[in-house]
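J.: My questions will all concern the structure given below.
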Amino acid sequence: MTIRTFINGFPRIGENRELKKVLENYWARKIPFDEVQNTAQVLRKKHWRVQKDAGIDFISSNDFSLYDNMLDTMVMLNAIPERFAGIADKNERYFAMARGNGKAAAMEMTKWFNTNYHFIVPELSDDLVFHLDPGKILSEYREAKDMGIMTKINIIGPLTFLALSKTNTRDDPFKYLHKLMPVYKQLLEEIARLDESVYVQFDEPAFVKNPSDKLLSLIQETYGELAAVSGKIKIVVTSYFEHAAEALKLLGKTPVWGIGLDFLYGPRNVEALEYAASKHIIAGVVDGRNIWRNDLSASIELLKRINKAIPKEQIIVSTTCSLLHSPYSAQKEPESTIKKNLAFACEKVKEVSLLANLFSSDCLSETDKALIEENKRNLLSSLNPALIKKDKAAEDTEAKSGKKARSGTYSERSALQRERLNLPLLPTTTIGSFPQTSELRKARNDYRKGAISGDGYESEIKKYIDNCVAFQEQVGLDVLVHGEPERNDMVEYFGELLEGFHFTKNGWVQSYGSRCVKPPVIFSDISRPEPMTVKWISYAQSKTKKPMKGMLTGPVTILNWSFVRNDIPRSEVALQIARALSDEITDLQKAGINIIQVDEAAFREGYPLRKEKTSEYEQWALEAFKLAVSAADISTQIHTHMCYSEFNDIIKTIEAMDADVITIETARSGNKLLKVFKETSYQNEIGPGVYDIHSPRIPSTAEFREQISARLEVLDKKNMWVNPDCGLKTRNWEEVKPALKNMVEAALAVREEISRAAIS
Ligand code: GLN
Ligand code: ZN
3 MTIRTFINGF PRIGENRELK KVLENYWARK IPFDEVQNTA QVLRKKHWRV
53 QKDAGIDFIS SNDFSLYDNM LDTMVMLNAI PERFAGIADK NERYFAMARG
103 NGKAAAMEMT KWFNTNYHFI VPELSDDLVF HLDPGKILSE YREAKDMGIM
153 TKINIIGPLT FLALSKTNTR DDPFKYLHKL MPVYKQLLEE IARLDESVYV
203 QFDEPAFVKN PSDKLLSLIQ ETYGELAAVS GKIKIVVTSY FEHAAEALKL
253 LGKTPVWGIG LDFLYGPRNV EALEYAASKH IIAGVVDGRN IWRNDLSASI
303 ELLKRINKAI PKEQIIVSTT CSLLHSPYSA QKEPESTIKK NLAFACEKVK
353 EVSLLANLFS SDCLSETDKA LIEENKRNLL SSLNPALIKK DKAAEDTEAK
403 SGKKARSGTY SERSALQRER LNLPLLPTTT IGSFPQTSEL RKARNDYRKG
453 AISGDGYESE IKKYIDNCVA FQEQVGLDVL VHGEPERNDM VEYFGELLEG
503 FHFTKNGWVQ SYGSRCVKPP VIFSDISRPE PMTVKWISYA QSKTKKPMKG
553 MLTGPVTILN WSFVRNDIPR SEVALQIARA LSDEITDLQK AGINIIQVDE
603 AAFREGYPLR KEKTSEYEQW ALEAFKLAVS AADISTQIHT HMCYSEFNDI
653 IKTIEAMDAD VITIETARSG NKLLKVFKET SYQNEIGPGV YDIHSPRIPS
703 TAEFREQISA RLEVLDKKNM WVNPDCGLKT RNWEEVKPAL KNMVEAALAV
753 REEISRAAIS
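Here my numbering is used: the first residue of the sequence shown is 3, the next is one more, and so on.
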């Protein structure tokens with residue numbers, strides 16, 4: 003029997019990020035839209051060909067997008083917010099929704115579940131009139147058909163579309179379901195006209211996130227109705243990133259043809275399969291969001307377990323999710339110890355095909371067995387023991403101190419720190435980075451290429467630090483930073499100096515629109531061969547009498563923004579990074595640094611999708627953070643920074659992290675989000691952002707005063723700092739200079755007001 007194969011979706015940015023380049027040229031008005039369309043077509047055809055050549059049976063159309071699939075769905079439904087309705091040109095309107103234009107603000111963007119991909123959030127309101135625009139969907143199907151490829155059509159399911167939407171009334175977005183359904187049905191009617199039989203994949207990842215009773219109550223009717231539109235259409239409902247057991251039970255009772263499930267990130271799906279015994283099961287067994295080669299024998303075992311509930315002819319081998327979340331191809335990566343462990347999208351497609359072949363035969367041939375053996379030898383778990391050195395600095399550290407957290411309660415620490423640092427009321431500081439100038443970028447590139455010497459590069463960086471420190475002194479900030487001129491990225495910088503990291507040449511993954519990131523790869527045990535930041539921080543400290551804040555990226559953030567090895571638990575990797583950071587803190591202290599910030603920008607996004615897994619994550623993430631700062635003396639002030647503002651559900655964990663000072667983002671949202679700190683009587687110091695660094699606007703001193711006074715309505719003046727929302731690296735000096743000057747002036751003024759009030 004031949005087992006069929008299925009790919010949820012393919013990366014669209016292109017092997018050499020062609021889509022990025024053409025889009026950015028179009029936005030800069032350097033090329034006409036036709037060129038964008040040509041490139042897009044070339045990419046689609048190439049990607050279909052790759053999958054066809056690998057022998058994939060179910061290849062997607064409409065997985066492509068010029069910006070985002072949720073945005074495409076809005077266009078398909080005509081869910082165009084009022085402020086864009088007047089833009090006559092369709093392409094202009096599309097990109098205005100995504101990026102804003104002179105008049106209308108861009109739509110909000112947020113992370114797609116627990117990935118680093120961002121989608122555009124639909125805005126729904128009563129006055130929207132939904133009607134169908136099937137153009138893109140039909141034409142992509144025909145385009146593939148012209149190549150002889152019959153695609154399945156990817157569509158965001160109506161329930162997920164609504165679950166991810168916001169409404170202007172804050173009402174439940176599901177109230178619009180009855181308005182959407184006629185449009186979805188009409189779409190299926192159009193699709194049914196395309197061919198004798200067409201497969202449609204409805205993506206419903208909303209099913210994995212502790213689905214509400216409301217959402218669950220809508221599944222049977224919705225998919226019952228959609229499946230009834232035409233006998234020519236076979237519907238597959240897919241979910242990913244976690245199990246969808248609750249929804250699976252309900253979908254089993256509808257007439258849908260197939261159900262797509264992620265069996266790696268949602269192993270509980272296996273247990274619920276009996277409820278869908280009559281369905282085709284799209285078995286996600288090849289990890290669509292990591293970069294490691296598949297463990298063939300483990301996957302075959304998993305398929306066999308699925309086969310206990312589902313007849314073999316109903317099982318279709320698949321990726322766990324769209325390959326949008328993995329880079330294009332590992333083939334052209336330079337030789338390295340781990341090259342043979344890597345599998346990006348092109349390789350994953352082949353793995354799906356190979357697995358289907360292996361699973362097809364009831365008993366494996368000798369060649370198959372040899373292949374599986376070879377696969378075993380090439381897995382990271384086989385390779386790693388050989389890579390790991392015996393006397394790791396990491397183990398030494400823990401053995402030496404055995405400390406898992408720092409000493410002293412907050413009040414003990416705070417008393418000593420206040421005495422030592424002698425800071426004024428409402429101390430002013432910044433989050434770390436200052437503008438990354440073109441000279442800096444050039445110096446870094448030249449140094450990498452060998453065009454300037456190490457000394458030349460070092461003097462460039464020192465020059466920047468000199469100016470940066472002088473500026474901060476001049477405006478009168480209280481706690482200074484060195485400005486991070488030596489870092490292009492807060493994770494990559496540390497990854498390059500730590501052992502156990504690998505950097506791919508072309509491992510780009512789409513983050514949003516034309517933006518891509520190239521996450522570092524953690525492939526082996528992590529250790530710190532030598533200090534990473536001490537040279538720069540102590541140089542900066544030597545230039546001022548004011549306290550210089552050391553700047554580190556936290557263990558959880560380094561982990562969450564990397565591709566992580568899969569041969570040991572993530573929690574263990576986090577602890578390894580933490581040990582390395584703890585050693586760095588020891589060295590910074592020895593160099594006379596009294597304040598150290600450990601950034602945890604990605605702490606929040608690491609939270610699991612399922613509530614039942616939250617406490618496990620919180621436990622090890624917290625453990626890692628505490629271990630990282632365990633080396634800090636009682637009198638060393640530890641700051642942490644998180645660039646977001648929703649703390650309601652994680653406040654207990656933030657409290658347990660017990661940083662002496664936490665700086666957060668509140669410039670846009672005001673006091674609303676701070677209240678949670680008050681309600682839980684959070685004791686430690688807080689720096690609520692008063693300068694929105696995402697905007698080029700320069701707030702006046704009066705505005706800053708208002709911001710500061712407003713924060714004081716909620717926070718205790720003795721525990722409050724004044725600082726921007728986040729790092730300043732994306733701003734330019736012309737904005738930063740006046741803005742910080744005004745911020746400090748405002749802090750001084752409020753400080754005076756307070757002391758006058760105290761006297762009178
Ligand atoms: N210290 C970092 C900076 O200022 C923090 C960045 C972040 O939180 N994303 O750039
Ligand atoms: Zn930040």
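C-beta atoms are modelled at their ideal positions from N, C-alpha and C, and glycine is treated no differently.
1. Skipping 5 residues on each side, what residues in its chain have a beta carbon closer than 7 Å to that of Ser762?
2. Using DSSP with H/G/I as helix, E/B as strand and the rest coil, what is His180?
3. Does the contact criterion of 3 or more C-beta pairs under 8 Å hold for the region 92-105 versus the region 146-155?
4. What three-state label does DSSP hand His696 in the structure shown?
5. Could you name the residues, in chain order, whose CB is less than 6 Å away from a heavy atom belonging to the ligand ZN?
6. Could you tell me which uninterrupted alpha helix (DSSP H) segments, each at least 4 residues in length, are contained entirely in the region 90-120, listed from first to last along the chain?
7. Of all the options Glu681, Ala580 and Glu501, which has the alpha carbon lying nearest to the alpha carbon of Val716?
8. Tell me, please, which residues DSSP counts as bridged to Asp205.
9. Give the single residue among Arg443, Ile666 and Lys739 whose Cα lies nearest to the Cα of Pro698.
10. Can you tell me the Cβ-Cβ gap for Val185 and Ile193, rounded? I've got them flagged as a contact below 8 Å.
11. What is the DSSP secondary structure of Leu554, reduced to helix, strand or coil?
12. Which class does Glu754 belong to by DSSP, given the choice of helix, strand or coil?
13. When you compare each of Lys405, Ile467, Val575 and Thr256 to Ala633 by their alpha carbons, which one comes out closest?
14. In this structure, how does DSSP classify Ser632 when only helix, strand and coil are distinguished?
15. Measuring alpha carbon to alpha carbon, tell me which of Asp264, Ile640 and Phe163 ends up nearest Met659.
16. Considering only DSSP beta bridges, list what Leu344 is partnered with.
17. For the structure I just gave you, are there three or more beta carbon pairs, one from the region 379-390 and one from the region 38-45, closer than 8 Å?
18. Given 7 Å as the limit, tell me if Met553 has its C-beta closer than that to any heavy atom belonging to the ligand GLN.
19. Can you find the residues in the same chain that come closer than 6 Å, C-beta to C-beta, to Phe8, ignoring five residues on each side of it along the sequence?
20. Consult DSSP for Gly16 and reduce its assignment to one of helix, strand or coil.
21. Shorter than 7 Å, the distance from the beta carbon of Asp601 to the closest heavy atom of the ligand GLN, or not?
22. What I want to know is whether the C-beta of Ser513 ends up closer than 7 Å to one or more non-hydrogen atoms of the ligand GLN.
23. Give a yes or no on whether the C-beta atoms belonging to Tyr119 and Ser516 are separated by under 8 Å.
24. Could you tell me which residues DSSP pairs with Glu125 in its beta bridges?
25. Measuring CA to CA, which of Tyr277, Asp289 and Gly254 is closest to Leu266?
26. What are the start and end residues of the beta strand (DSSP E) that includes Cys518?
27. Across the region 684-695 and the region 666-675, are there enough close Cβ pairs to call them in contact, namely three or more that are closer than 8 Å?
28. Suppose the cutoff is 7 Å on Cβ atoms and the five residues either side in sequence are ignored; what does the same chain contact list for Tyr619 look like?
29. On a Cα-Cα basis, can you pick out the residue from Ile710, Leu730, Ile89 and Asp601 that is closest to Glu747?
30. Give the straight-line distance between the Cα atoms of Lys2 and Ile151, rounded to the nearest whole angstrom.
31. Using a C-beta cutoff of 8 Å, does Gln203 count as contacting chain C?
32. Tell me which residues share the same chain as Lys255 and place their Cβ nearer than 7 Å to its Cβ, disregarding the 5 neighbours each side in the sequence.
33. Given that a residue counts as buried once 16 or more other Cβ atoms are within 10 Å of its Cβ, and exposed if not, what is His282?
34. Please determine whether the Cβ atom of Glu244 lies at a distance below 7 Å from any heavy atom of the ligand GLN.
35. To which residues of the same chain is Asp297 closer than 6 Å at the C-beta, ignoring the five residues directly before and after it?
36. Among Asn359, Lys334 and Tyr330, which one has its Cα closest to the Cα of Phe346?
T.: A quick look at the data gives this:
1. There are no such residues.
2. If DSSP states are grouped into helix, strand and coil, His180 belongs with the helices.
3. These segments do not touch.
4. Reduced to three states, the DSSP call for His696 is coil.
5. Taking every residue with its beta carbon within less than 6 Å of a heavy atom belonging to the ligand ZN gives, in chain order, Ile433, Ala603, His643, Cys645, Cys728 and Gly729.
6. Qualifying alpha helix (DSSP H) stretches, in chain order: 92-101.
7. Answer by Cα proximity: Glu681.
8. Asp205 is bridged by DSSP to Ile158 and Thr240.
9. Put simply, of Arg443, Ile666 and Lys739 the residue whose alpha carbon is nearest the alpha carbon of Pro698 is Lys739.
10. At roughly 13 Å, the Cβ-Cβ gap does not stay under 8 Å, so Val185 and Ile193 are not in contact.
11. Annotated three-state conformation of Leu554 is strand, per DSSP.
12. Helix at Glu754.
13. Comparing alpha carbon positions, the residue from Lys405, Ile467, Val575 and Thr256 closest to Ala633 is Lys405.
14. In the structure shown, Ser632 sits in coil (DSSP, three-state: anything other than H, G, I, E or B).
15. The shortest Cα separation from Met659 among Asp264, Ile640 and Phe163 belongs to Ile640.
16. Leu344 is bridged by DSSP to Trp294.
17. Two segments are said to touch when three or more pairs of C-beta atoms, one from each, lie closer than 8 Å; by this definition the region 379-390 does not touch the region 38-45.
18. Yes, the ligand GLN has a heavy atom inside 7 Å of this Cβ.
19. Contacts found: Phe60, Ile284, Ile318 and Ser320.
20. It is coil, neither helix nor strand.
21. Annotation for Asp601 indicates a beta carbon within 7 Å of some heavy atom of the ligand GLN.
22. No, the ligand GLN has no heavy atom inside 7 Å of this Cβ.
23. No, they are not a contact pair.
24. Looking at the DSSP assignment, Glu125 forms a beta bridge with Lys168.
25. The shortest Cα separation from Leu266 among Tyr277, Asp289 and Gly254 belongs to Asp289.
26. Note, Cys518: beta strand (DSSP E), Arg517 to Val519.
27. Proximity of the region 684-695 to the region 666-675 meets the contact definition, three or more beta-carbon pairs being nearer than 8 Å.
28. Answer for Tyr619: Gly608, Tyr609 and Pro610, listed in chain order.
29. That would be Ile710, whose Cα lies nearest to the Cα of Glu747.
30. This structure does not reach residue 2, given that the chain is present from 3 up to 762, and the question cannot be answered.
31. No chain C appears in this structure, which consists of one protein chain only.
32. Gln222, listed in sequence order.
33. Burial call: buried.
34. Result no, Cβ not under 7 Å from the ligand GLN.
35. Excluding positions up to five away in sequence, the list reads Leu381.
36. Closest by C-alpha distance to Phe346, out of Asn359, Lys334 and Tyr330, is Tyr330.
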